[in-house]
Structure formats: structure tokens, C-alpha cells
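Chains as they are written, first to last, in our numbering: chain A, 48 to 381; chain B, 48 to 381.
Protein chains: 2
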Amino acid sequence: MSSIKDVAKAANVSTATVSRVLAKHPHVRPAVRERVLAAVAQLDYRPNLIARNLRSQQSKTLGLIVSDIRNPFFTAVSRAVEDTAYANGYNLLLCNTDENPEKELLYLQLMGDEQVAGVIFSPTLQTLNRWHELHLSFPTVLIDRSLQSGDVDAVLLDNLSAGSLLAQHVLSQGYRRIGAIFGEASTTGRERQRGFEAALHDAGIPIRPEYVRFVRPQSEAGYRTTLELLALPAPPQVILTSNSLLTAGALQAIREQGLHIPAQIGLVGFDDTAWASLVQPAITVLAQPTDEIGRSATELLLQRFADPQRPTRKIILQGELIVRESSVEQRGRT
Amino acid sequence: MSSIKDVAKAANVSTATVSRVLAKHPHVRPAVRERVLAAVAQLDYRPNLIARNLRSQQSKTLGLIVSDIRNPFFTAVSRAVEDTAYANGYNLLLCNTDENPEKELLYLQLMGDEQVAGVIFSPTLQTLNRWHELHLSFPTVLIDRSLQSGDVDAVLLDNLSAGSLLAQHVLSQGYRRIGAIFGEASTTGRERQRGFEAALHDAGIPIRPEYVRFVRPQSEAGYRTTLELLALPAPPQVILTSNSLLTAGALQAIREQGLHIPAQIGLVGFDDTAWASLVQPAITVLAQPTDEIGRSATELLLQRFADPQRPTRKIILQGELIVRESSVEQRGRT
DNA sequence: AAATATATTGTAATCGATTACATAAATAAT
DNA sequence: ATTATTTATGTAATCGATTACAATATATTT
Chain A
48 MSSIKDVAKA ANVSTATVSR VLAKHPHVRP AVRERVLAAV AQLDYRPNLI
98 ARNLRSQQSK TLGLIVSDIR NPFFTAVSRA VEDTAYANGY NLLLCNTDEN
148 PEKELLYLQL MGDEQVAGVI FSPTLQTLNR WHELHLSFPT VLIDRSLQSG
198 DVDAVLLDNL SAGSLLAQHV LSQGYRRIGA IFGEASTTGR ERQRGFEAAL
248 HDAGIPIRPE YVRFVRPQSE AGYRTTLELL ALPAPPQVIL TSNSLLTAGA
298 LQAIREQGLH IPAQIGLVGF DDTAWASLVQ PAITVLAQPT DEIGRSATEL
348 LLQRFADPQR PTRKIILQGE LIVRESSVEQ RGRT
Chain B
48 MSSIKDVAKA ANVSTATVSR VLAKHPHVRP AVRERVLAAV AQLDYRPNLI
98 ARNLRSQQSK TLGLIVSDIR NPFFTAVSRA VEDTAYANGY NLLLCNTDEN
148 PEKELLYLQL MGDEQVAGVI FSPTLQTLNR WHELHLSFPT VLIDRSLQSG
198 DVDAVLLDNL SAGSLLAQHV LSQGYRRIGA IFGEASTTGR ERQRGFEAAL
248 HDAGIPIRPE YVRFVRPQSE AGYRTTLELL ALPAPPQVIL TSNSLLTAGA
298 LQAIREQGLH IPAQIGLVGF DDTAWASLVQ PAITVLAQPT DEIGRSATEL
348 LLQRFADPQR PTRKIILQGE LIVRESSVEQ RGRT
């Protein structure tokens with residue numbers, strides 16, 4: 048590994064001159080520039096980024112902190128984040144927190160220690176509530192979840208509308224007894240629930256508390272809760288889930304109970320995963336614009352680097368309702 | 048941000064002493080240690096990892112270079128890699144190459160520039176062929192794909208056995224006209240094919256070239272190729288695919304043709320994705336031990352750090368055949 | 001008590017790149 | 001031709017932590 052000193056020696060100039068050539072400063076004689084470039088090529092010199100970072104007090108690394116990269120939503124977002132990051136000369140440090148506030152704090156601290164330029168983060172409610180005690184040394188863009196108060200950059204789905212849209216859809220299909228399973232770990236579930244209930248309210252449908260559940264956003268919980276809902280004296284005619292893991296669990300439970308979708312029970316969920324259109328019947332979903340979420344979040348962060356003073360911004364993106372067979376026409380039912 | 052100098056000043060000692068206290072060196076008077084620790088706590092001092100890395104000439108970062116994190120195999124592996132990395136005090140830099148050899152070279156170079164401690168890499172055939180020209184400055188563990196010659200650490204599936212196992216399974220189910228779609232980008236597809244053909248050969252079944260295809264390992268190619276296979280004068284009775292994206296495409300094509308699985312056409316594939324057991328009929332798959340692959344690869348890398356001289360090692364893991372409904376009993380067919 | 005060993009702490013070099021400042025050389029202006 | 005500018009390059013400080021070496025203080029041995 049050759050250093051800038053080796054290049055300087057080989058080109059018979061000072062390290063300062065080498066640095067200037069590489070940084071494309073003006074005021075270097077063409078002849079000298081050529082000598083330096085030749086030495087660089089000759090030695091196959093590559094600047095040491097660690098040294099550069101130390102001196103410049105900033106790195107070209109972004110952090111991405113999500114609960115679990117295996118959640119298809121985060122998988123898709125992370126890919127978009129990486130693409131955008133690399134396109135702008137940044138690399139990506141990845142962390143999984145499992146919705147564990149302690150891990151979140153640990154990783155945020157790590158990001159500080161690593162001197163990342165900034166972080167894209169999907170926090171739990173707990174960490175969100177302590178946000179102002181944290182005093183992070185780097186800018187952050189929240190995704191998927193956010194504070195009520197608008198003092199952090201964020202890219203979010205319009206969860207209220209999304210919840211409403213899904214609810215309106217099942218209502219329009221004639222379903223009246225509507226079960227719903229939301230994630231409990233984040234603000235997202237709550238907001239989707241509010242949209243959901245608003246739609247029911249607007250349609251004059253009473254909300255039955257026993258139909259609305261908040262659980263850990265995992266397949267297993269979706270499975271268990273669906274069985275509970277189906278075991279009610281008057282089970283729901285359709286089940287709405289607020290993330291794809293819950294949907295998978297619900298689907299499994301419905302299958303095990305031998306119920307036919309959508310004739311005996313409807314099913315709708317969030318996130319257009321690979322399998323939502325592969326299962327039969329295909330699942331109606333509220334698709335999130337994952338690519339745009341990842342890209343916008345990264346761009347927001349880059350803009351924040353460019354102007355630390357500018358007012359925070361919340362980007363609210365709309366979901367897209369993709370109607371499939373799992374929630375078809377049910378008019379005439381009770 | 049306070050530096051070690053600030054701590055030294057606050058504790059009225061030299062920076063060397065602060066460093067010693069933090070590194071838990073012996074030979075520091077308890078009283079001084081306390082003073083330093085108090086100053087550290089007081090100032091909320093955290094060592095600057097960049098400076099530490101520069102001085103120690105090594106970082107605590109691993110690189111993970113895969114073709115696309117959205118491929119469920121890599122998603123699962125990456126999670127295991129992260130867990131193991133973090134458990135050992137390392138963080139993870141993530142790159143997606145899209146099977147593009149230029150991107151691979153670029154990212155390998157980046158890893159060098161970032162002075163990562165090591166890299167876990169799933170390379171294309173092209174890059175593998177040029178491996179010895181590369182002269183990487185860091186140790187590497189290959190996953191999923193490898194060189195014939197055993198001079199790089201690697202963690203691999205026993206692809207030959209896996210291919211055989213799947214082929215034997217469909218043979219045992221009475222299928223005789225067997226179509227197969229393999230990925231073309233890597234050695235993996237070739238090996239699975241060799242296992243596949245060996246099993247057919249052992250069973251005395253002739254191999255029909257028109258049934259065996261090599262394509263880009265993507266859903267779209269799986270779809271197109273399946274349509275081609277189904278359009279043959281004597282279409283295969285079962286289709287074997289060598290990764291989950293191909294399986295998804297094949298499934299879609301079969302569905303579109305209105306064919307019944309497994310009565311009219313069987314389907315088997317690789318990787319036990321979330322959806323393989325959710326679709327109906329559930330898909331028979333050769334499951335890869337993704338957790339173990341990720342963990343082993345990371346551990347292999349850590350062992351390499353500990354002993355750069357030790358001979359390279361190839362860890363060959365066995366896949367598990369999970370028989371589901373997509374490939375049931377077909378005895379009596381022609 | 002002197003000599004020797006051990007414990008404790010500080011000074012300063014080091015990692016590799018960047019850059020403020022100084023200096024020298026070349027050019028332009030008077 | 002002399003002075004003022006501009007251009008080109010080098011010297012050395014800097015980023016923050018680690019550590020070889022030196023220096024001093026304390027303890028142990030004889």
C-alpha cells in the first residue's frame with residue numbers, strides 16, 4: 048500500500064503538490080501534474096479514506112437503521128437507499144434493531160463513533176419519545192415512522208389516507224364486520240388505525256373494539272390474532288393487516304381454518320410483496336412506494352448536509368391501492 | 048464533540064494516560080484512573096474511531112457484496128452476517144452489484160479504500176476468472192459461488208448434491224420429462240445442473256437439451272423460459288428452477304397457462320422463501336441454510352484475521368429438501 | 001543506605017491526507 | 001528596471017488516538 052509520501056517521492060514533489068493535483072486544484076504546472084499522475088499510476092496509489100476522513104472531519108458513509116432487513120418493506124427501501132447513496136458517492140452501513148430500543152441507542156451511538164455523515168432511521172415509539180434527549184451529532188432522516196412535532200426530516204406514507212383507502216375499499220365491497228390487526232411498535236400502526244376508523248365512521252359503521260388488535264408486527268402474531276378473531280361469536284367478514292408479516296400470518300391461519308378467500312373471509316394488507324400477487328387468490332394490498340421512500344430519504348439527507356440550517360421537511364407519499372381477488376364484491380352479505 | 052485532549056485536560060493528565068485507562072492497561076494508579084473515568088463521564092467522551100483506525104491501520108468494518116439484497120437468499124444471508132459481525136464488534140458495509148462485473152470491481156476497490164477488515168462476496172463468473180489479477184488488500188470469503196481451485200476461503204452449498212436431490216425427488220414422484228432452468232451468471236447454476244444431470248443419468252433417463260436452459264437469474268427470465276418450455280411439442284411434466292426468482296416467474300407462467308400444479312405440471316425450486324409455503328399448492332424446495340451460511344462466512348473471515356497464514360478452507364453445507372404439494376406422486380404418467 | 005527493580009506518567013512520533021501560510025519564481029504594470 | 005501581481009511549490013500544523021521511549025517516583029533487595 049503506497050501512501051501520498053511515496054507518490055511525492057516518486058514524482059519528486061511535496062505531498063502538498065500531490066494532494067493538489069489529485070484534488071484538481073489550479074496552479075499546478077502541467078509538467079508537474081503529469082509527473083504526479085504518472086507516479087500515481089505507476090504506484091497504483093489510492094488515497095487512504097480514513098486519513099482523509101480524519102482530516103476533513105467527515106466521512107462519506109451513511110447509516111441505515113431498520114428493525115429487520117428481512118421485512119420486505121425494508122429490503123426494498125434499503126436497496127433504493129443504497130442506489131441513491133452510491134450514486135452520490137456515499138456508502139451504506141447497515142444495522143438491524145429488531146424493534147429493540149436498546150439496540151437502537153447502541154447503533155445510534157455506533158453511528159456517532161463511526162462519524163457517519165448521516166443516518167436514515169426507522170425508530171420505535173420509545174426511541175422517538177426520547178428523541179430530544181439524544182443529542183445526535185449527525186443529521187437524521189426518519190422513515191416509516193415519525194414524531195408528531197415536525198422537527199426532524201422524515202419520509203412517510205400517508206398512513207391516515209392509506210388506512211382509509213383500504214377500509215373504504217372493503218366497505219365498497221360490501222364487507223361490514225371488519226377485523227383489523229395493527230403493529231404496536233410504531234406510530235405507523237396507530238395512524239393506519241385512525242384512518243381505518245375514520246372511514247368506518249364516515250360510512251356510519253360502528254367500530255367494534257373486539258375486532259381491532261395491536262400486536263407485535265410479526266407473522267406469528269398475525270397468525271395467532273387471526274385465529275382469535277375467527278373464533279369470535281360473530282367473526283369478521285374481512286381482515287385488514289397493517290404489514291406484510293401480519294398478512295402472511297393471517298393468510299396461514301385462514302388456510303388452516305379451511306376458510307375460502309374471499310367467499311368466507313376477505314383479506315387485505317399493506318406492502319406489495321413478491322408473494323402478494325403469487326398466492327391464490329392474490330391479495331389486495333396498499334402498496335407503498337418503497338423505491339421513492341428510499342430515494343427521497345437519501346436525498347433529504349444529502350440536502351440537509353448541503354444546508355444544515357434549512358427548515359425540516361416531512362415528505363408524505365401516497366400509497367397505491369392494488370385491488371386483487373382477496374377482497375372482491377361481497378354485496379348482499381350480512 | 049470532546050476529544051482525548053479535553054479529557055486529559057479535565058483530568059489533569061496526559062493523553063497517553065487517558066488512552067491507557069481506556070485501553071485497560073495496568074500500571075495506572077487507581078486515583079488517576081478514577082479521575083480520568085470521571086472526566087470521561089463528565090464530558091461524555093467517546094473515542095473517535097476514525098482516528099483509532101488510522102493509527103491502528105485497520106477498521107472494524109466488514110464489507111458484504113451481493114448481487115441484489117432483494118433476492119431472498121441474500122436478504123437472509125445478510126441478516127445472519129450482520130448479527131455475527133456485530134456480535135464480534137464489526138459493522139457492515141453493504142453493496143449491490145446487480146451481477147455487473149464492473150460494479151463488482153468498483154466496490155472491491157471501494158472496500159480497499161475504506162480499509163475494511165475483510166469482505167464477504169458473491170461474485171460473478173467473470174470476476175471469479177480474474178480473481179488472481181485483483182491483488183486485494185483484504186481477506187475475502189466467497190459465498191454461494193467459488194473458484195474451482197481452492198485458494199480462497201468460501202462457504203458454499205453442496206450444489207451438486209442439491210441438484211441431484213431435487214432431481215431424484217421428482218424422479219421418485221414419477222416425473223420423466225423434466226425441464227430445468229438454471230442461472231447463467233454464476234458457477235452455482237452449472238453445478239446444480241451437473242447434479243441434476245447426474246441424477247437423471249443414474250436413473251437411466253436421457254437428458255433432453257431442449258429441456259435445459261440457462262438464463263439470467265431473474266423472475267422475468269423464469270417466466271419467459273417457462274412459457275417456452277410449455278410450448279414445446281412434448282412439454283416437460285415438471286420444471287426445476289435454480290433460484291427463487293426463477294421459481295416465481297415459472298409459477299406465474301404456469302398460472303397464466305391455466306395449468307394445474309401438480310396434476311398437469313410439477314414445480315420445484317431452490318430457497319425456502321416466505322411465499323414458497325404460502326402459495327397453493329405449496330412449493331417443494333431445496334432449502335439453503337441461509338443463517339448458517341451467513342454465520343459461517345463471517346466466522347471464517349474472523350478466523351482469517353486471527354491467522355492470515357492458515358490454509359484456505361471451503362465450508363460445504365448441505366441443503367434440505369422440503370417436499371410440499373407442488374411435486375406430488377405422478378406414478379403412472381407417461 | 002545504596003543498588004536494583006518496578007510502577008507510573010509524560011513527551012513526542014506516528015498513522016495519511018489536507019491546507020494555511022511562507023516563499024520563490026514568473027509575469028505584468030509603471 | 002523596479003515594483004506589484006500572480007502563479008507555483010514547499011513547510012509544517014492539523015485531525016484524534018496510540019504507543020515507543022524517556023523520565024521520574026516508589027518499592028524491593030542486599
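A virtual CB, placed ideally from N, CA and C, is assigned to each residue, including glycine.
Exercise. Shorter than 8 Å from the beta carbon of B/I286 to some beta carbon of chain A?
Worked result: no
For this session: Could you tell me which of B/G316, B/T288, B/Y133, B/T273 sits nearest to B/E303, measuring between CA atoms?
Result: B/T273
For this session: With a floor of 4 residues, list each alpha helix (DSSP H) that falls wholly inside the segment 150 to 191 of chain B, ordered by position along the chain.
Result: 172 to 176, 178 to 181
Problem set entry | Option in B/L347, B/A58, B/I369 with minimal Cα separation from B/L203 | B/L347
For this session: Answer with yes or no whether the minimum CB distance from A/S373 to chain B is below 8 Å.
Result: no
Exercise. Under a three-way DSSP split, which group does A/G316 fall into?
Worked result: strand
Problem set entry | Pair within 8 Å by beta-carbon distance, A/S289 and A/R239 | yes
Problem set entry | Chain-order list of residues whose beta-carbon lies under 8 Å from that of A/A351 (same chain, five-residue window excluded) | In the sequence as presented, Ala is not what sits at residue 351 of chain A; that position holds Arg. Cβ neighbours of A/R351 beyond the five flanking positions: G165, P186, V188, D200, R357.
For this session: Could you name the residues that DSSP lists as bridge partners for A/I51?
Result: Paired residues: none, contrary to the question.
Exercise. Would A/W37 count as contacting chain B if we go by Cβ distances under 8 Å?
Worked result: As shown, chain A starts at 48 and ends at 381. That puts residue 37 of chain A outside it, with no answer to give.
Problem set entry | Per-residue contacts from A/R239 into chain B (C-beta, under 8 Å) | Chain B residues near A/R239: none, gap ~22 Å exceeds 8 Å.
For this session: Could you tell me whether the segment 135 to 143 of chain A touches the segment 106 to 115 of chain A, where touching means 3 or more Cβ pairs closer than 8 Å?
Result: yes
For this session: Look at the alpha carbon of A/T331 and the alpha carbon of A/L213, and state the distance between them as a whole number of angstroms.
Result: 9 Å
Problem set entry | Those runs of the beta strand (DSSP E) which lie wholly inside the segment 321 to 375 of chain B and span at least 3 residues | 331 to 334, 361 to 364, 367 to 369
Exercise. Grouping DSSP H, G and I as helix and E and B as strand, with all else coil, what is B/G226?
Worked result: strand
Problem set entry | Burial state of B/S196, where buried means 16 or more other Cβ atoms lie within 10 Å | exposed
For this session: Verify the CB distance criterion: does A/S106 have a CB-CB separation below 8 Å to chain B?
Result: yes
Exercise. By Cβ distance below 6 Å, which residues in the same chain neighbour B/Y270 in space, the five residues on each side in sequence not counted?
Worked result: G296, Q299, A300
Exercise. How about A/R93 and B/G159: do their beta carbons lie closer than 8 Å?
Worked result: yes
Problem set entry | Proximal chain A residues relative to B/G159, where beta-carbon distance stays under 8 Å | R93
For this session: Could you list which residues in chain B have their beta carbon closer than 7 Å to that of A/R263, in chain order?
Result: Within chain B, no residue comes near A/R263; the closest Cβ sits about 17 Å away, beyond 7 Å.
Exercise. Mapping DSSP to helix, strand and coil, what is A/A201?
Worked result: strand
Problem set entry | Contacting residues, own chain, Cβ-Cβ under 6 Å from A/Y258 (five flanking each side not counted) | G226, P283
Exercise. Quick one, are the C-beta atoms of B/S193 and B/K56 less than 8 Å apart?
Worked result: no
Exercise. Does A/T187 have its Cβ less than 8 Å from a Cβ in chain B?
Worked result: no
Exercise. Residues of chain A with a CB under 7 Å from the CB of B/I190: which are they?
Worked result: What B/I190 touches in chain A: nothing, since even the nearest Cβ is about 16 Å away.
Exercise. Do A/L333 and A/L368 have their CB atoms nearer than 8 Å?
Worked result: yes
Problem set entry | Neighbourhood of A/E161 by C-beta distance below 8 Å, restricted to the same chain and skipping five residues each side | S106, T108, G110, L140
Problem set entry | Check whether A/I340 and A/L325 have beta carbons under 8 Å apart | no
Problem set entry | Counted within 10 angstroms of its Cβ, other Cβ atoms place B/G379 as buried (16 or more) or exposed | Note that B/G379 scores 48 on pLDDT, short of 50, meaning its location in the model is unreliable; the coordinates nonetheless yield the value given after this. With fewer than 16 Cβ atoms within 10 Å of its Cβ, B/G379 is classed as exposed.
Exercise. What residues match up with B/F261 in a beta bridge as DSSP calls it?
Worked result: B/F229
For this session: Could you name the residues of the segment 112 to 132 of chain B whose beta carbon sits closer than 9 Å to any beta carbon of chain A, in the order they occur along the chain?
Result: D115, I116, R117, P119, T122, A123, S125, R126, E129, D130
Exercise. Could you give the uninterrupted runs of the alpha helix (DSSP H) lying entirely in the segment 100 to 143 of chain B, keeping only those of 4 residues or more?
Worked result: 119 to 134
Exercise. Is there at least one Cβ from chain A nearer than 8 Å to B/F350's Cβ?
Worked result: Correcting the residue identity first, residue 350 of chain B is Gln in this sequence and not Phe. Not one chain A Cβ lies under 8 Å of B/Q350.
Exercise. Does DSSP put A/I301 in a helix, in a strand, or in coil?
Worked result: helix
Exercise. Around the Cβ of A/E149, are there at least 16 other Cβ atoms within 10 angstroms (buried) or fewer (exposed)?
Worked result: exposed
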